[in-house]
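The structure appears right after this line, and notes come after that.
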Amino acid sequence: MAGVPDLWLRRILRVLFERRRASRGELARATGLDAASVEKALRQLLRCGLVRRLAPSRSTSGRRRDELALEAEAGYFVAVDLEGTRVRFGLTNLVADVRYRWEEPVAFGSRFDMRTFARGVEKVLKNLTPAEQSRVIAMGVSYSGVIDRERRITAVNLGWKDFPLEQEIACVVDLPLFLGSESFVKLMAEHWQGAARSSSNCVFVQVGNGVGFAGLVNGHPMRGRDGNAGEIGHITVDPAAPDRCKCGKTGCLEAIASSPNIVRQYRESAGRSLPKVLLGEEVMEVFQRARNQDAAAVAVIDRAARYLGLALAHAANLLNPEVIVLGGDLIHAQDLFLPRIRAELARHVLPEIHASLEVRFSALGFDSGLIGAACLAFHEALREPALLDRLLSVAHLRGSRTATSSLGSRPLRAARA
99 MAGVPDLWLR RILRVLFERR RASRGELARA TGLDAASVEK ALRQLLRCGL VRRLAPSRST
159 SGRRRDELAL EAEAGYFVAV DLEGTRVRFG LTNLVADVRY RWEEPVAFGS RFDMRTFARG
219 VEKVLKNLTP AEQSRVIAMG VSYSGVIDRE RRITAVNLGW KDFPLEQEIA CVVDLPLFLG
279 SESFVKLMAE HWQGAARSSS NCVFVQVGNG VGFAGLVNGH PMRGRDGNAG EIGHITVDPA
339 APDRCKCGKT GCLEAIASSP NIVRQYRESA GRSLPKVLLG EEVMEVFQRA RNQDAAAVAV
399 IDRAARYLGL ALAHAANLLN PEVIVLGGDL IHAQDLFLPR IRAELARHVL PEIHASLEVR
459 FSALGFDSGL IGAACLAFHE ALREPALLDR LLSVAHLRGS RTATSSLGSR PLRAARA
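Heads up, the sequence shown is in this note's numbering, so the first residue is 99 and it goes up one at a time.
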């Protein structure tokens, strides 16, 4: 790495990660480096095997166009999505393509323990050969709930109150760890690879066991002092509403528009039960009944979508995004929610802001948490000099029979009781 500043390498690797492929000229323009600096950095990255040349193509003017891309299998990330009623474990390559995944169902509200966490990570790592395990760089984890100043997490779905997640993971998995809130991680996944790709001003909203929100303003994520910015689910959308939220207040958006509360309202309104299905699937039955013009189901969807649209209109007026991306259970109810949300946005958003506002659904589906966790791990690893050096070195050793590593190839430690 002598003679090539880390800053140059980081900039080029970020651009190739986000664009998937780029010419030397595009790299120079995107990184702000001059052509000589780009060429010097690329020689280093090509030599170590972290970047590869693609087959030449022709530009619109007919000129030969040489493009470059990351060597996708040069490194791997473990990704974990601690969301909803299923915890997802994944193994991705360097560009966040999910190679293996494992799901572990959890009982909502029951304490999720680290033995289960360790077992899930083991299952995805077992799919790698020893040589491939030596190229595991880091772990990204998407968590639900809120985090305090001591980095302790409170997550109702996992039965955690002031839970020291980072310390607990460090006791069972020996990998560099990067944590991100569920909504933030999924927003960045959509920004880097999904429905908000290349948008510097966008918001992500998902409906599931709660209502999550994250925003990107001029390319900068909204994080807040403690990383809890974007708690849109706890905005009071109807002060007179009797619906009680798990936070203790009444009239919160989450108390009306989250999936469990959509189910609750239907049961209360219809006065009849839903079929016995898996937890988390009852809301799909309500969606289907609304499609079948069940009056109680239609009324519940109308109410949830109206208040969700109102909250998004407030967010649009505050942040002036180009794109609103909708995810979670809304993916399964696009026909029900999209027209109603758009009507509320048209009604409440300033015309100047509304004119250029798009509403899209997640392009990544239920893998968005895993992809986002891997994206987070990649970008954060580039910031760490030791991990950047490791990334360059494992790429250089790729395919060598003598390649060994003390990171990623060690067995998982036994979980604490």
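C-beta: ideal position from N, C-alpha, C; glycine also.
Between the C-alpha atoms of L277 and G173 there is a straight-line separation of about 19 Å. In the three-state reduction of the DSSP assignment, C343 falls in the coil class. With contacts defined as CB atoms closer than 7 Å, C473 and A120 fail to qualify as a contacting pair. Cβ-Cβ separation between S240 and E288: approximately 13 Å, too far for a contact (criterion under 8 Å).
Here N191 has A170, E171, Y174, R197 as same chain residues with Cβ atoms under 7 Å from its own Cβ, once five neighbours each way along the sequence are excluded. In terms of CA proximity to R323, I245 leads the group R150, I245, R404. Taking C-alpha positions only, M237 is separated from E450 by approximately 42 Å. Of the residues assessed, G207 falls on the exposed side of the cut-off, its CB having fewer than 16 other CB atoms within 10 angstroms.
In this structure, V301 sits away from E352, with a CB-CB distance that is not shorter than 7 Å.
Within the DSSP secondary-structure output, I422 pairs in a beta bridge with V301, V457. Of the candidates M212, Q231, L275, R233, the residue whose Cα lies closest to the Cα of F261 is M212. Distances from the alpha-carbon of A312 to those of L410, A153, E248, T129 put L410 closest. When rounded, the separation of the alpha-carbon atoms in E202 and V185 is 5 Å. Collapsing the DSSP output to three states places A402 in a helix. With contacts defined by Cβ atoms closer than 7 Å, I251 and A479 do not form a contacting pair. Proximity to G130 across A413, A177, R362, R112 peaks at R112, based on C-alpha coordinates.
Around the beta carbon of N307, 16 or more other beta carbons sit within 10 angstroms, so the residue counts as buried. Spanning the alpha carbons of S297 and A368 requires a straight line of approximately 42 Å. R362 and R404 have their C-alpha atoms roughly 17 Å apart. Leaving aside the five residues that flank E181 on each side, the residues in its chain whose CB is nearer than 6 Å to its CB run, in chain order, S242, E280, G467. Per DSSP, the unbroken beta strand (DSSP E) holding I251 starts and ends at 251-253.
By the neighbour-count criterion, in which a residue is buried when 16 or more other Cβ atoms sit within 10 angstroms of its Cβ, Q432 is exposed. The closest CA to that of H446, considering only A414, R161, E380, D465, is found on A414. Looking at S454, A484, A493, the one whose alpha-carbon comes closest to that of P274 is A484.
Q291 has its alpha-carbon roughly 27 Å from the corresponding atom of A133. Judged by their CB atoms, A293 and V423 are nearer to each other than the 7 Å cut-off. Contact check for F459 against I429 passes: the beta carbons are separated by less than 7 Å.
Proximity to P437 across I399, L416, A461 peaks at I399, based on C-alpha coordinates.
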